[in-house]
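Trainee: Pasting a structure here, questions to come.
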Amino acid sequence: MAELIYPKLSYEIIGSAFEVYNSIGSGYQEKYYQKALAKEFQAKGIKFKEQLPVKISHKGIDLGVYYFDFLVEEKIVVELKNSSKFYIKDIKQVLGYLKSKSIKLGILISFGKNGIIHKRILKGD
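When you line the sequence shown up against the numbering used here, it's residues 11 to 135, in that order.
Structure representation (structure tokens):
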């Protein structure tokens, strides 16, 4: 069995998301969960960058920019959603983020009407 990557930090991230959900519940836009999660990270001393811009280029030509919701401790991409399930496009989005910054782990977190769901996504080699 493979060893879990960044288990302590992953646990802290997911625990912070549960704290946010327990405080404000479901039904809000993603940006409000992001603000609340940033406050949780700050309170716990977790270092993060928020709305980190990442350029997409092809053969040296810039095609555009997209933004990570969070890059935590320079190790884990955290992407937030506000639905009751994940879609293939959500997973592909996180995989693209991991590839673009050579990061090994992403955590997809959704604040749905029935609670938090989360998925750890590993970058393939």
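Each residue gets a CB set at the ideal place from its N, CA and C atoms; glycine is no exception. Being a predicted model, the structure only gives us computed values, none of them experimental.
Taking residue 94 and residue 129 to be in contact with their CB atoms under 8 Å, please state how far apart those CB atoms are, rounded to whole angstroms.
Mentor: Taking the sequence shown and counting its residues from 1, the one referred to as residue 94 is at position 84. Taking the sequence shown and counting its residues from 1, the one referred to as residue 129 is at position 119. Contact flag wrong, Cβ pair sits at about 13 Å.
Trainee: Among the residues of its own chain, which have a CB less than 6 Å from the CB of residue 126, if the five just before and after it don't count?
Mentor: As a first step, residue 126 is located in the sequence shown; it is residue number 116 there, counting from the start. Answer for residue 126: 27, 28 and 31, listed in chain order.
Trainee: Using a threshold of 8 Å, state whether the C-beta atoms of residue 90 and residue 79 are closer than that.
Mentor: Counting from 1 along the sequence shown, the entry for residue 90 is found at position 80. Counting from 1 along the sequence shown, the entry for residue 79 is found at position 69. Cβ distance < 8 Å, so residue 90 and residue 79 count as in contact.
Trainee: For the alpha helix (DSSP H) that residue 25 lies in, which residues bound it at each end?
Mentor: The sequence position of residue 25 within the sequence shown is 15, counting from 1. Its alpha helix (DSSP H) spans residues 17 to 34.
Trainee: If you reduce the DSSP assignment to three classes, tell me which class residue 101 lands in.
Mentor: On the sequence shown, residue 101 is found 91 positions in, with the first residue counted as 1. In the structure shown, residue 101 sits in a helix (DSSP, three-state: H, G or I).
Trainee: Going by C-alpha to C-alpha distance, which of 68, 76 and 14 sits closest to residue 62?
Mentor: The residue you call residue 62 lines up with position 52 of the sequence shown. Closest by alpha carbon: 76.
Trainee: With 16 as the cutoff for other CB atoms within 10 Å, does residue 37 come out buried or exposed?
Mentor: Against the sequence shown, residue 37 aligns to sequence position 27. Counting Cβ neighbours within 10 Å, residue 37 comes out exposed, since fewer than 16 surround it.
Trainee: Look at the alpha carbon of residue 142 and the alpha carbon of residue 45, and state the distance between them as a whole number of angstroms.
Mentor: Missing from the structure shown is residue 142; the chain here goes from 11 to 135 and no further.
Trainee: Determine, using beta carbons only, whether residue 86 and residue 104 come nearer to each other than 8 Å.
Mentor: The sequence position of residue 86 within the sequence shown is 76, counting from 1. The sequence position of residue 104 within the sequence shown is 94, counting from 1. Going by C-beta atoms, residue 86 is not nearer than 8 Å to residue 104.
Trainee: What's the gap between the Cα of residue 35 and the Cα of residue 113?
Mentor: Here the question's residue 35 lines up with position 25 in the sequence shown. Here the question's residue 113 lines up with position 103 in the sequence shown. Answer to the nearest angstrom: the Cα atoms are 30 Å apart.
Trainee: Taking the Cβ atom as the reference point for each residue, do residue 121 and residue 82 lie within a distance shorter than 8 Å?
Mentor: In the sequence shown, residue 121 corresponds to position 111, counting from 1. In the sequence shown, residue 82 corresponds to position 72, counting from 1. Their beta carbons are not under 8 Å apart, which means residue 121 does not touch residue 82 by this criterion.
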